[in-house]
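Report on the structure given below.
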Amino acid sequence: MTVTKDIRYIGVNDHQIDLFEGQYDVPLGMAYNSYVILDRKIAVMDTVDQNFGAQWLTNLAAALCGRKPDYLIVQHMEPDHSANIQTFMETYPNATLVSSAKAFPMMKNFFGTEFEDRRIVVKEGDTLELGEHVLHFVQAPMVHWPEVIMTYDAKDKVLFSADGFGKFGANDVEDPEGWDCEARRYYIGIVGKYGAQVQAVLKKAAKLDIAVIAPLHGPVLSGDLSHYLKQYNTWSSYSTESDGIFIAYTSVYGHTKKAVELLAVKLKQKGCPKVTVSDLAREDMAECVEDAFRYGRIVLATTTYNAEIFPFMREFIHHLTERNFQNKTVALMENGSWAPLAAKVMRSMLEGCKNLTFAETTVHIKSALSEESEAQIEALAEELCKDYLAQHDETANKSDLTALFKIGYGLYVVTAKDGAKDNGCIVNTVTQVTNTPNRIAVCINKANYTHELVKKTGMMNVNCLSVEAPFKVFQHFGFQSGRDVDKFADCTPMRSDNGLVFLPKYINAFMSLKVEQYVDLDTHGMFICTVTEARVLSDKETMTYTYYQSNVKPKPETDVKKGWVCKVCGYVYEGEELPEDIVCPLCKHGAADFEPLG
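Under the working numbering, the residues of the sequence shown are numbered 2 to 599, in order.
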């Protein structure tokens, strides 16, 4: 297979394997990818599993057309990629090994030698010239072994990504579920623990002009790479990928199962868009772990067993915690006939996980369902679906004035509309000024397109951001203008009774406002408004300015010794003195929101 004019695929497909790494079911087999770059000098990228060494050498010889390779670049030392290093070096005695410093001691472990007289040790930023092709080496430690490097070919814009962007499945079999499903299961299972390290590599990759991603497992990726990069960013930041609720359960005599089935029905009735239920004793454990990371809300239901919890649930939670499970809402259901301990044990097992929110309602089943436990299931469904109920007209309480309690010195997305075009912007000044009638004051920078729309139409929605909102929300609504882009082009927005958009997630409430008075404040306009609709979507805390500064806004990355950083968005102005009239080019804030670096 030709990757580019000068790069050939020489990998193999394995249909003999049943369990990858001794634990992952791979019904579609596995691919062990290897590549050769043909230039004035020739570089081979990694080897393959030991069972396919002869086939790989045959594929290599066919691609070489009688030439000899100059280099074998070893990006990763797991045996499914490195098993044939010694055979290669014996077959091509004039070739040189290229790898990281940590890889060569591993070679001694496997082969009894570090190839001291035939090697080049590379590190971050090193290059290797083949002719027209210049290879740039990118260190990727713990993605997912410590020695890993990735390699970027500047000429053809190919990133050889080691195990990154890999997936389960052979390359000669079409995957009916596409790339995402088996790539997700592969990532969560094998790389999932190392999200921070993957994030670091993604930042490096963002500085490269990449046209092709060539991983060590799965298909070569080309064309529009944005989807694959977005998925990896979602997975490695432990963000919610799919809206819905995942229920993982075990059941001995069927009573816990019956309770789970009742909960699933109630969740669907209350508007949950997707409810996925898995019996941990009967379904593929890796699939269950994948779904736990995929959805933002998870319910764990199990029995007390030997004064502990049922073994399959214990194993499942262990899989979660060892992969840095975080940023989820977790609800617990327990069953016990005389001394139920399951909820307590499950919660204690998850204590070390970051940013978990436990549901206030815990379902306690004593042997079998009762009126009391059924009422708890109803309450839990109500709690988990609070935002779904508020999003839909037929179930929403549109006069929930407790929405006004969400107002503070926080950060908000104000949405407006002019004809067919929706827009939104970030504001930080929303205040309740009276309660009879309920009147809200909203200040918007005159430079914002949203100001123009609100002044023209006399309507807006104020979306109260919660502490769940990631930095990308502020980038999307605060660092670009609606005059230049359609901020809602990539989503199907939800609308309130006034026809305006409200955000489907990352908010705890919204208010629809009608403008009654306008006050000109020079650089800003203040809109005095009455409340026409108010909904509460969650009990999450409101995003305050302090919380944003401390927990959401990225710390500036700069080598500049003297300069000023915008406290709102992180933009860095280089120079000893900050101009008094400076306006941040990203978020449009003035000099008052800059502070010295350091």
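Think of the CB as a built atom: it goes at the ideal place given N, C-alpha and C, for glycine as much as any other residue.
Asked: Could you tell me whether the Cβ atoms of F247 and Y296 are closer together than 7 Å?; Found: yes
Asked: Where do the ends of the alpha helix (DSSP H) carrying K318 lie?; Found: The identity of residue 318 in the sequence shown is Ile, whereas the question assumes Lys. I318 -> alpha helix (DSSP H) spans P312 to E323.
Asked: If contacts are defined as beta-carbon pairs under 8 Å, then T152 and Q200 qualify, I think. What distance do you get, rounded to the angstrom?; Found: Not confirmed; about 20 Å, so no contact.
Asked: Hey, could you find the ends of the beta strand (DSSP E) I441 is sitting in?; Found: N439 to N446
Asked: Could you tell me the alpha carbon to alpha carbon distance between D523 and L390, rounded to whole angstroms?; Found: 41 Å
Asked: Which value, in whole angstroms, describes the spacing of the CA atoms of V561 and N85?; Found: Legend: pLDDT at V561 = 48, less than 50; position of this residue unreliable, value from coordinates given subsequently. Using only the alpha carbons, I get a separation of about 46 Å.
Asked: I need the straight-line Cα distance from G219 to K168, nearest angstrom please.; Found: 5 Å
Asked: Considering only DSSP beta bridges, list what P280 is partnered with.; Found: Sequence inspection shows Asp at residue 280; the Pro mentioned does not correspond to that position. Answer is Y250.
Asked: So, at 8 Å on beta carbons, what are the nonlocal neighbours of I43 in its own chain, with the 5 sequence-adjacent residues on each side left out?; Found: V37, L65, R68, K69, P70, D71, Y72 and L131
Asked: For D401, which residues from the same chain have a beta carbon less than 7 Å from its beta carbon, with the 5 sequence-adjacent residues on both sides left out?; Found: A535, R536 and V537
Asked: Contact check, L1 vs Y229 under 8 Å by CB: the rounded distance?; Found: This structure gives no information on residue 1, because the portion of the chain shown stretches from 2 to 599.
Asked: Can you name, in chain order, every residue of its own chain whose Cβ lies under 6 Å from the Cβ of K563, other than the five neighbours on each side?; Found: E577
Asked: Name the one or two DSSP bridge partners that F595 has.; Found: C567
Asked: In whole angstroms, what is the alpha-carbon distance linking V584 and N499?; Found: 34 Å
Asked: Spatial neighbours of A212 within its chain, please: CB distance less than 6 Å, with the 5 preceding and 5 following residues excluded, ordered by chain position.; Found: K158
Asked: Which residues bound the beta strand (DSSP E) around H525?; Found: H525 to V537
Asked: What is the residue span of the alpha helix (DSSP H) that R185 lies within?; Found: D181 to Y187
Asked: If you drop the 5 nearest sequence neighbours on each side, which residues of the same chain put their C-beta closer than 8 Å to that of D15?; Found: G30, M31, A32, Y33, D50, N52, F53 and A171
Asked: To the nearest angstrom, how far is it from the Cα of L333 to the Cα of F317?; Found: 14 Å
Asked: Do V516 and F503 have their beta-carbon atoms positioned less than 7 Å apart in this structure?; Found: no
Asked: Give the straight-line distance between the Cα atoms of M286 and A340, rounded to the nearest whole angstrom.; Found: 28 Å
Asked: According to DSSP, A206 sits in a beta bridge with which residue or residues?; Found: Paired residue(s): none; A206 is not in a bridge.
Asked: Leaving out five residues before and five after P555 in sequence, what residues of the same chain have Cβ atoms less than 8 Å from its Cβ?; Found: F472 and G571
Asked: Using only alpha-carbon positions, find the residue among F105, M78, G12 and Q87 that is nearest to A62.; Found: G12
Asked: With DSSP as the reference, please indicate the residues paired to V520 in a beta bridge.; Found: M527
Asked: Helix, strand or coil for D176, going by three-state DSSP, please let me know.; Found: coil
Asked: Taking the alpha helix (DSSP H) that D81 falls in, what are its first and last residues?; Found: P80 to S83
Asked: Mind listing, in chain order, the continuous beta strand (DSSP E) runs of no fewer than 3 residues lying wholly within the region 9 to 34?; Found: 13 to 15 and 31 to 33
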